[in-house]
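Student: Residue numbers (the UniProt record's numbering): 1 to 285.
In structure tokens form, the structure reads like this:
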């Protein structure tokens, strides 16, 4: 079988998603005849028919459905590899660490960075903040990410578990639950909980993509949020946190691409794991 070109694969995905050559060609910014020729070449390379074409409609064959399901991930992996390669070969190489706002490793991040700087293979660390930290890792914008599982999806990523945290509900100081020693998930019935992009978990309120927005809405009494306990130290004065006794603990993990062979990244993983292990041991004494 001949090697499949990424451009041909991208052209096929455009047609497969639109099921219309004209719209796909317009979206790609090319004329329809070269698009049709590219799909034909791809089918000849693979030795299978991907699309059934009539004068009235375009449909996917079983082979086309398979390539649609798996081809996007393949293109994404190539794009991620290109981004990482360019960053590694840049005049000033760096290691990009992604995390959600406030997700600073349970307060361990300063120690992690200090330990990493002592590694001979260390690179300067650049922070990338956002709720899509796992996506930034998958698409190559980041080399590593601090994530909270199971709320954030770590499927297909290499991970190192760092610490387990119980969860708290963050509420305004005047909220009906603010004075409690602890609450249960049942106590939150009727409360508006945020939904976050790229994350699983309870929530029927608006999608929140920014930490400042979340805290402001909580302070206004518009919602409450169940968060890792380490967020306590980052709360505004008009907010408070109450332990949720029956909330499933959340696990802070360091995640990275399974295929990575970067010595700088390996050094970061070692440093992070060592700091987390030392912190856990000190709390057990």
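C-beta atoms are modelled at their ideal positions from N, C-alpha and C, and glycine is treated no differently.
Using 8 Å as the cut-off, can you tell me whether the segment 51-60 makes contact with the segment 3-19, which would need three or more C-beta pairs spanning the two stretches below that distance?
Tutor: yes
Student: Please report the straight-line C-alpha distance between residue 181 and residue 242, rounded to a whole angstrom.
Tutor: 7 Å
Student: Kindly confirm or deny that the segment 140-157 and the segment 251-259 touch, where touching means at least three C-beta pairs closer than 8 Å.
Tutor: yes
Student: Look up residue 54 in the DSSP assignment and say whether it is helix, strand or coil.
Tutor: coil
Student: How big is the Cα-Cα spacing for residue 287 and residue 23?
Tutor: With the chain represented from 1 up to 285, any question about residue 287 goes unanswered, as that position is not in the structure.
Student: Hey, residue 160 and residue 269 are a contact pair by Cβ (cut 8 Å); roughly how many whole angstroms apart?
Tutor: 6 Å
Student: If you drop the 5 nearest sequence neighbours on each side, which residues of the same chain put their C-beta closer than 7 Å to that of residue 11?
Tutor: 28, 35, 38, 39
Student: In chain order, which continuous runs of the beta strand (DSSP E) of length 3 or greater are located wholly inside the UniProt domain "HTH lysR-type" (4-61)?
Tutor: 51-53, 58-60
Student: For the beta strand (DSSP E) containing residue 148, list its first residue and its last residue.
Tutor: 144-149
Student: Exposed or buried, what is residue 75 when buried is set at 16 or more other beta-carbons lying within 10 Å of its beta-carbon?
Tutor: exposed
Student: Is the segment 211-228 in contact with the segment 265-279, if contact means three or more CB pairs nearer than 8 Å?
Tutor: no
Student: Write down the C-beta distance between residue 227 and residue 152 rounded to the nearest angstrom, noting that I regard them as a contact closer than 8 Å.
Tutor: Incorrect: roughly 13 Å between the Cβ atoms, too far for contact.
Student: Taking 7 Å as the limit between beta carbons, can you name the residues of its chain near residue 326, skipping five residues before and five after?
Tutor: Any question about residue 326 goes unanswered here, given that the chain covers just 1 to 285.
Student: Quick check on DSSP: helix, strand or coil for residue 126?
Tutor: In this structure, residue 126 counts as strand in the three-state DSSP scheme.
Student: Tell me whether the segment 92-101 and the segment 123-133 touch, counting them as touching only if at least three CB pairs, one residue from each stretch, are closer than 8 Å.
Tutor: With a cut-off of 8 Å on Cβ pairs, the segment 92-101 is in contact with the segment 123-133, counting three or more such pairs.
Student: Can the beta-carbon of residue 251 be found closer than 9 Å to that of residue 164?
Tutor: yes
Student: Kindly indicate which residue of 20, 187, 178 has the alpha-carbon position closest to the one of residue 247.
Tutor: 187
Student: Going by DSSP, name the residue or residues bridged to residue 165.
Tutor: 250
Student: Could you tell me whether the Cβ atoms of residue 148 and residue 253 are closer together than 9 Å?
Tutor: yes
Student: Is it buried or exposed, residue 140, if we count other Cβ atoms within 10 angstroms and call 16 or more buried?
Tutor: buried
Student: In angstroms with no decimal places, state the Cα-to-Cα distance between residue 1 and residue 47.
Tutor: For residue 1, the predicted model reports a pLDDT of 46, less than 50, meaning its position is unreliable and no value from the coordinates is stated.
Student: Suppose you measure from the CA of residue 123 to the CA of residue 193; what does that come to, to the nearest Å?
Tutor: 39 Å
Student: Within the same chain, show all residues whose beta-carbon is closer than 7 Å to that of residue 240, passing over the 5 residues directly before and after it, in chain order.
Tutor: 171, 173, 178
Student: Can you tell which of 92, 185, 30 has its C-alpha closest to the C-alpha of residue 126?
Tutor: 92
Student: Look at the Cβ atom of residue 262, then the Cβ atom of residue 90, and state whether they are nearer than 9 Å.
Tutor: no
Student: Looking at residue 225 and residue 119, is the spacing between their C-beta atoms short of 9 Å?
Tutor: no
Student: For residue 150 and residue 72, what's the separation of their Cα atoms in angstroms?
Tutor: 25 Å
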